[in-house]
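For reference, each letter of the sequence shown is one residue, going 129 to 618 in the working numbering. Beta carbons: idealized from backbone N, C-alpha and C, even for Gly. In this text the structure is predicted, and so the values were computed from the model without any measurement. Quick notes on the structure that follows.
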Amino acid sequence: MESGSKIPLSHSLWSPHDTVKDAAESLGINLTEESAKNLAMDVEYRIHEILETAIKFMRRSKRKLLTTGDINHSLKVLNIEPLYGYDNSQPLQFKEALVAAGGQTLYYIDDQEIELEKLINQELPKVPRQTTFTAHWLAIEGVQPIIPQNPSPAEIKSLPPAIRGATSSILGNDILNAAGNTEKNIMSTGSKNKKVTDKDTEVKPLVKHVLSKELKLYFDKVVDVLLSKDPEKEGLQNSALNSLKNDPGLHQLVPYFIQFVAEQITNQLRDIDILTTMLQVISALADNRSIFLDPYVHALMPCILTLLLAKNIGPNVKDFNDENGKSALKRNLAVREFAAILLKHIIVVYGSSYSTLKARVTRTLLRALLDSSKPIGTHYGALLGLKNMGNEVIKLVLIGNLKLWYNSVIDGINNDFAKEVLIDSVMDCLNELRIEDKLKTDDMQVDSEISEDLKSELAQRIGEPLAEEVLKLQNSKEIIRGIFFGELNV
129 MESGSKIPLS HSLWSPHDTV KDAAESLGIN LTEESAKNLA MDVEYRIHEI LETAIKFMRR
189 SKRKLLTTGD INHSLKVLNI EPLYGYDNSQ PLQFKEALVA AGGQTLYYID DQEIELEKLI
249 NQELPKVPRQ TTFTAHWLAI EGVQPIIPQN PSPAEIKSLP PAIRGATSSI LGNDILNAAG
309 NTEKNIMSTG SKNKKVTDKD TEVKPLVKHV LSKELKLYFD KVVDVLLSKD PEKEGLQNSA
369 LNSLKNDPGL HQLVPYFIQF VAEQITNQLR DIDILTTMLQ VISALADNRS IFLDPYVHAL
429 MPCILTLLLA KNIGPNVKDF NDENGKSALK RNLAVREFAA ILLKHIIVVY GSSYSTLKAR
489 VTRTLLRALL DSSKPIGTHY GALLGLKNMG NEVIKLVLIG NLKLWYNSVI DGINNDFAKE
549 VLIDSVMDCL NELRIEDKLK TDDMQVDSEI SEDLKSELAQ RIGEPLAEEV LKLQNSKEII
609 RGIFFGELNV
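And the structure:
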């Protein structure tokens with residue numbers, strides 16, 4: 129019974145609790161048997177924990193010899209005060225000595241005697257550098273900041289397109305093949321003069337976008353259907369657009385469809401049907417909730433702005449007075465209206481991701497609006513774009529430039545139909561600012577005439593011709609109230 133109640137002993141140095149008891153007595157501490165046993169077991173557990181952690185460091189270092197450095201790392205990880213002293217990198221040298229008359233051999237480590245003065249004058253070892261890291265902006269909203277960590281624009285421009293990472297241009301030219309052919313020509317001509325060494329050539333691996341056969345077949349079929357002008361395939365076109373709008377597995381094809389749209393818009397500006405189809409493709413991709421379109425907004429905006437502000441869309445028409453000319457102009461303006469709707473959608477959905485997108489687009493639209501050399505369609509598209517930018521842009525940007533725009537653009541147009549289209553578009557923009565009178569109800573109508581002072585203020589703000597057009601409208605007072613909101617009492 130007594131032997132069974134004893135605490136089981138292990139085979140480590142501390143397992144006989146006498147060692148702990150002797151150490152306690154040397155310090156003047158009197159421990160009971162139970163306390164000595166428990167303390168010995170705890171010390172044994174701590175030693176095992178330190179050794180196991182040190183062995184992990186040894187194995188991670190691909191070594192089979194446990195060093196004092198591993199023990200130090202283990203103590204540091206376990207938040208234990210390290211052992212101070214010198215790490216002996218040299219192998220230990222053991223010496224033997226005979227003890228007593230029996231001739232028992234004792235092995236001991238020969239401690240080298242070091243002079244204190246020599247130790248004091250010895251140079252301190254270098255402090256190891258701690259692992260540190262720094263962060264910098266590689267690009268902010270697609271613009272690379274000019275900081276020492278980033279390459280300068282001159283260095284980037286001096287590199288060939290293949291090294292910069294471009295694989296193809298917007299027109300579909302294969303830069304990689306062109307670069308490869310150029311390199312082959314240089315190699316062939318240079319081999320006649322001197323041998324090309326490994327130092328002269330630098331081979332970089334090319335990362336290719338791998339598509340499955342099903343996706344390739346799908347892309348080819350959709351492109352073929354979208355470009356077809358066969359009336360019998362109209363139903364297939366609608367199915368293809370519906371697939372682009374709803375299918376969830378098309379994210380890998382997004383850059384290919386955007387490149388396809390850009391190529392068609394660049395090369396088919398005379399074909400109204402193709403341009404309308406390309407806008408439908410952009411609309412379908414933008415409406416697909418499973419596609420993450422944020423990284424491709426910078427590629428979509430040139431396509432939309434091109435169809436909104438391009439000089440010539442569709443067939444050339446010089447006379448807009450006849451029916452054919454008016455019909456062609458209406459189709460031209462319909463494409464621009466569709467582009468303006470898509471522009472508004474992109475601004476609303478992705479404006480939060482690109483904080484400068486709205487400001488940059490507004491600047492582009494205003495520049496096109498004030499350019500008197502641009503045709504009617506460009507001015508119409510600019511007005512539509514500014515209208516869809518919101519009331520704040522209309523009031524702060526458009527109204528302040530209407531007087532200058534009318535004098536430089538409208539006065540130079542000889543066609544009455546085109547002039548009427550642009551003025552109606554301006555009236556639509558101003559109509560967005562209207563503020564209804566809160567006193568108006570179904571039973572009571574508050575309708576007072578506009579004072580002469582207010583008319584003169586309006587003429588001074590937007591110009592006399594446009595002021596007369598505003599006064600002809602039924603809700604002219606509501607529009608004037610919106611124009612002068614917070615400035616005058618209307």
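| said: Pairs of beta-carbons, one from the stretch 475-489 and one from the stretch 522-541, closer than 8 Å: are there three or more? | reply: No: fewer than three Cβ pairs fall under 8 Å.
Is residue 389 closer than 8 Å to residue 410 when the C-beta atoms are compared?
Between residue 410 and residue 389, the C-beta spacing is below 8 Å.
(message) Cutting at 8 Å between CB atoms, please list the residues of its own chain near residue 522, excluding the five before and the five after it.
(response) Result list for residue 522: 514, 515, 557, 558, 560, 561, in chain order.
Next item on the list: Would you please state the rounded distance, in angstroms, between the beta carbons of residue 206 and residue 177? I believe it to be under 8 Å.
Entry: Rounded to the nearest angstrom, the Cβ distance from residue 206 to residue 177 is 7 Å, consistent with a contact under 8 Å.
>> Just to confirm, is the Cβ distance from residue 441 to residue 505 under 8 Å?
In response: Cβ atoms of residue 441 and residue 505: closer than 8 Å.
| alpha helix (DSSP H) containing residue 392: first to last residue? | That run of the alpha helix (DSSP H) goes 382-395.
- Residues near residue 463 in its chain [Cβ-Cβ closer than 8 Å; skip 5 each side]: Excluding positions up to five away in sequence, the list reads 400, 403, 404, 407, 435, 441, 442.
Measuring only the C-alpha atoms, how far is residue 570 from residue 599? Any reading at residue 570 must be qualified, since the residue scores a pLDDT of 47, below 50, and its modelled position is unreliable; no value is offered.
query: Which residues in the same chain have their Cβ closer than 8 Å to the Cβ of residue 547, if we skip the five residues on either side of it in sequence?
result: Taking residue 547 as the centre and dropping the five residues before and after it, the same chain places the C-beta of 538, 541 closer than 8 Å to its C-beta, in chain order.
Margin query: Are there any heavy atoms of the ligand NAP lying less than 7 Å away from the beta-carbon of residue 155, as far as the coordinates show?
Written below: As presented, the structure is devoid of all ligands, the ligand NAP included, so that no description of it is given.
Checklist line | Supposed close pair residue 354, residue 368 - CB separation, criterion 8 Å | finding: Cβ-Cβ separation between residue 354 and residue 368: approximately 6 Å, consistent with a contact (criterion under 8 Å).
ask   = Whole-angstrom Cβ separation of residue 239 and residue 223, contact assumed at under 8 Å?
value = Taking C-beta atoms under 8 Å as the contact rule, residue 239 and residue 223 fail to qualify, at a distance of about 10 Å.
query: Expressed to the nearest angstrom, what Euclidean distance is found between the alpha-carbon atoms of residue 164 and residue 154?
result: For residue 164 and residue 154, the gap between their C-alpha atoms comes out near 14 Å.
Tell me the DSSP secondary structure of residue 252 in three-state form.
Three-state DSSP puts residue 252 in coil, outside helix and strand.
C-alpha gap between residue 180 and residue 197, whole angstroms
Distance between residue 180 and residue 197, taken at the CA atoms: about 14 Å.
| said: In the DSSP assignment, the alpha helix (DSSP H) including residue 492 goes from what residue to what residue? | reply: Secondary structure note for residue 492: its alpha helix (DSSP H) is the uninterrupted segment 485-497.
Just the Cα atoms here: how many angstroms apart are residue 366 and residue 429? One C-alpha to the other measures close to 24 Å.
#### Entry: Integer Cβ distance of residue 467 from residue 432, believed to fall under 8 Å
Contact between residue 467 and residue 432 holds: their C-beta atoms lie close to 5 Å from each other, under 8 Å.
Exposed or buried, which one is residue 420 when buried takes at least 16 other CB atoms within 10 Å? Classification of residue 420: exposed, given that the 10 Å Cβ count is below 16.
>> Here's a check: name, in chain order, each residue in its chain whose Cβ is nearer than 6 Å to the Cβ of residue 159, leaving out the five neighbours to either side.
In response: Closer than 6 Å at the Cβ level, and outside the excluded window around residue 159, lie 149, 152.
With the cut-off set at 8 Å, would you say residue 208 and residue 194 are in Cβ contact? With a cutoff of 8 Å on beta-carbon distance, residue 208 and residue 194 are scored as not near each other.
- Task: Return the residue from the list 480, 585, 391 that minimises the CA-CA distance to residue 269.
- Result: Looking at the Cα atoms, 480 is the closest of the given residues.
Query raised in the report: Once you ignore the five residues that flank residue 525 on each side, which residues in its own chain have a CB closer than 7 Å to its CB?
Result: Excluding the 5 residues flanking it on each side, residue 525 has same chain C-beta neighbours closer than 7 Å at 490, 494, 514, in chain order.
Within 10 angstroms of the Cβ of residue 266, are there 16 or more other Cβ atoms? Answer buried if so, exposed if not.
Note on residue 266: under 16 other CB atoms within 10 angstroms of its CB, so exposed under the neighbour-count rule.
Quiz item: Does DSSP put residue 236 in a helix, in a strand, or in coil?
Solution: Assigned with DSSP and collapsed to three states, residue 236 falls in strand.
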